[in-house]
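First up is the structure itself, then whatever we jot down about it.
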Amino acid sequence: MIQGVQLDLISEERLERLTSMEKIRLILDEVIAGNIVVLEKGLSPEESSKLIEMTMMEINPDGFSGIEMETYPARSTSGGFFARLFGSREPTSRLTVIGPANQLKMLRKERDLISAWVSSR
Amino acid sequence: MDNILTKVRKRFSRFLRAFFKKGRSRIGIYGPPNAGKTTLANRIVRDWTGDALGPVSEIPHETRRARRKEDVTISNAHGDSIVIDIVDTPGVTTKIDYHEFTEYGIEKEDAVKRAREATEGVAEAMHWLREDIDGVIYMLDATLDPFAQVNIMMVGIIESRNLPVVIVANKIDLPDASPGRIKSAFPQHPVISISGLEGTNVDELYEKMIEFFG
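These protein sequence lines map, in sequence, to chains A and B. Per the working numbering, the very first residue in the first sequence carries number 493; after that it's consecutive. Per the working numbering, the very first residue in the second sequence carries number 15; after that it's consecutive.
Here it is, written out as structure tokens:
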């Protein structure tokens, strides 16, 4: 059988139909199964926070050791006067790649370039 | 214009915080493992109370429970001061592998236990940030790449909660330290370069803490 790694590219439209917990569960289930997930639009800060917490709950010795995740640095939108005054500018979340920590390694990361290497299990 | 608006926003948030204040501000020291969080927490607590918070180690995840020191008064030569609680938190990461600890000579059983405690510690740190922290000192090892994803995520989470944050570029005593990289990675926040180990420039950090967390 040919060895390989499954890559799932999830569109912004599909992500928008999911609740935060559904998104996090989807990501973790895929990654624990050894797949790489590419989100067209990244997670909100609140979702990132929950993802870190839930990842920690899933880690087990000689099994799942966590996630590797990369996205470009956030690009702030200019917003209107009041948005700027009250700080309600939500940074735009961008394309994000997530995979098992023992299979996905980042080679290089810049503001506008992510170079990654994926190994099979 | 953006700069003025940011200042107005910060003053307004500070006013709101003061108005609705539950008590002292709790300042969390956050950052990835081995950034020097406990070394700084010990220095702050020792400088202002004569006490200490916790043990330090070169092995990652030495701090696996958040530790709080209450009533730390920090003051400057102009008579300005703040009274805060300092919360030293476990290093935040998205991955923990017990093999990382066996490489330091720790037996497998203890390494597995340490890894399990470390995962609980990360979750606990995130919980504190969501519920109980009023301001953040975000610690970075100035010899490492500041663009690491965990830093981008954590600063994004802190910003989304509108918490005042001071970024600390630590370990400037090391030859590879490049605090300039940290300043260019997070231009929207004040960055103070220090050596927590040697105490270099911590007075500037105390000034910034009085200004930002007061």
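For every residue, glycine included, the Cβ atom is placed at its ideal position computed from N, Cα and C. Please read these numbers as outputs of a predicted model, since none were measured by experiment.
Start-to-end residues for the alpha helix (DSSP H) that takes in residue i
{"i": "B/Asp134", "result": "Before going on, a small fix: residue 134 of chain B reads as Glu here, not Asp. It spans Lys122 to Glu145 - the alpha helix (DSSP H) in which B/Glu134 sits, taken as one unbroken run."}
{"i": "A/Leu531", "result": "Taken as a continuous stretch (DSSP letters only), A/Leu531 belongs to no alpha helix (DSSP H), being part of the beta strand (DSSP E) at Ile528 to Leu531."}
{"i": "A/Leu499", "result": "No alpha helix (DSSP H) contains A/Leu499, which is instead part of the beta strand (DSSP E) from Leu499 to Ile502."}
{"i": "B/Ile58", "result": "Lys51 to Thr63"}
{"i": "B/Asp217", "result": "Val216 to Phe227"}
{"i": "A/Lys542", "result": "Pro537 to Glu550"}
{"i": "B/His113", "result": "His113 to Thr116"}
Endpoints, beta strand (DSSP E) assigned at residue i
{"i": "A/Lys597", "result": "Leu596 to Lys601"}
{"i": "A/Arg517", "result": "It is not in any beta strand (DSSP E) - A/Arg517 instead sits in the alpha helix (DSSP H) that spans Ser512 to Ile524."}
{"i": "A/Val589", "result": "Thr588 to Pro592"}
{"i": "B/Tyr152", "result": "Gly149 to Asp155"}
{"i": "A/Thr563", "result": "Ile559 to Thr563"}
{"i": "B/Glu84", "result": "Arg81 to Ser89"}
Option nearest residue i by Cα separation, candidates the options
{"i": "B/Tyr152", "options": "B/Ile120, B/Leu54 and B/Arg38", "result": "B/Leu54"}
{"i": "B/Tyr44", "options": "B/Phe226, B/Met223, B/Ser71 and B/Ala139", "result": "B/Ala139"}
{"i": "B/Pro189", "options": "B/Ser209, B/Glu117 and B/Ala162", "result": "B/Ser209"}
{"i": "A/Val589", "options": "A/Glu514, A/Ser540, A/Ile551 and A/Met548", "result": "A/Ser540"}
{"i": "A/Val529", "options": "A/Thr563, A/Lys601 and A/Leu599", "result": "A/Thr563"}
{"i": "B/Ile196", "options": "B/Gly68, B/Ala156, B/Tyr112 and B/Glu76", "result": "B/Ala156"}
{"i": "B/Thr108", "options": "B/Thr63, B/Met168, B/Val126 and B/His92", "result": "B/Met168"}
{"i": "B/Ile100", "options": "B/Leu177, B/Val86 and B/Glu225", "result": "B/Val86"}
{"i": "B/Lys51", "options": "B/Glu225, B/Glu76 and B/Trp62", "result": "B/Glu76"}
Close-in-space but distant-in-sequence residues of the same chain around residue i (CB under 8 Å, 5 per side omitted)
{"i": "A/Glu532", "result": "Leu501, Ile502, Ser503, Glu504, Leu507 and Leu587"}
{"i": "B/Ala199", "result": "Pro160, Phe161 and Asn165"}
{"i": "B/Pro193", "result": "Ala156, Ala183, Ile186, Val205 and Ser207"}
{"i": "B/Met223", "result": "Ile41, Ile88, Ile96, Ile98, Ile151 and Val180"}
Other residues of its chain near residue i: CB distance less than 6 Å, five sequence neighbours each side excluded
{"i": "A/Ser570", "result": "The predicted position of A/Ser570 is uncertain, since its pLDDT is 48 and thus under 50; no value can be drawn from it."}
{"i": "B/Ser89", "result": "Ser95"}
{"i": "B/Leu219", "result": "Ile206 and Ile208"}
{"i": "B/Ile147", "result": "Arg40 and Gly42"}
{"i": "B/Gly228", "result": "Ile96"}
{"i": "B/Ala129", "result": "Ile110 and Tyr112"}
{"i": "A/Arg509", "result": "none"}
{"i": "B/Arg78", "result": "Pro104, Glu131, Ala132 and Gly135"}
{"i": "B/Glu226", "result": "The question names Glu, but residue 226 of chain B is Phe in the sequence shown. Within the same chain, B/Phe226 has close Cβ partners Pro178 and Val180."}
{"i": "A/Gly534", "result": "Thr563, Ser585, Arg586 and Thr588"}
beta-carbon residue i near the ligand NAD non-hydrogen atom, thresh 6 Å
{"i": "B/Asp124", "result": "Although the ligand NAD was asked about, the structure shown includes no ligands whatsoever."}
Contact set for residue i: own chain, Cβ-Cβ below 7 Å, skip 5 residues either direction
{"i": "A/Ser612", "result": "Gln495, Gly496 and Val497"}
{"i": "A/Ile551", "result": "Ser557 and Gly558"}
CA-to-CA distance, residue j to residue i, given in whole angstroms
{"i": "A/Ser580", "j": "B/Gln202", "result": "Only weak support is given to the placement of A/Ser580: the predicted model assigns it a pLDDT of 48, under 50, and the value that follows is read from those uncertain coordinates. Spanning the two alpha carbons is a distance of roughly 15 Å."}
{"i": "B/Glu72", "j": "B/Ile58", "result": "20 Å"}
{"i": "B/Pro104", "j": "B/Arg81", "result": "9 Å"}
{"i": "A/Met513", "j": "B/Asp159", "result": "31 Å"}
{"i": "B/Phe115", "j": "B/Trp142", "result": "26 Å"}
{"i": "A/Arg600", "j": "B/Ala132", "result": "27 Å"}
{"i": "B/Arg144", "j": "B/Gly170", "result": "13 Å"}
{"i": "B/Ala91", "j": "B/Asp217", "result": "11 Å"}
{"i": "B/Ala252", "j": "B/Gly68", "result": "Any answer about residue 252 of chain B is impossible in this case: the structure gives chain B only from 15 up to 228."}
{"i": "B/Pro46", "j": "A/Leu520", "result": "21 Å"}
{"i": "A/Pro537", "j": "B/Ser174", "result": "6 Å"}
{"i": "B/Gly213", "j": "A/Leu518", "result": "46 Å"}
4 or more residues per run - each alpha helix (DSSP H) lying fully within the segment 162-201 of chain B: 163-174 and 193-199
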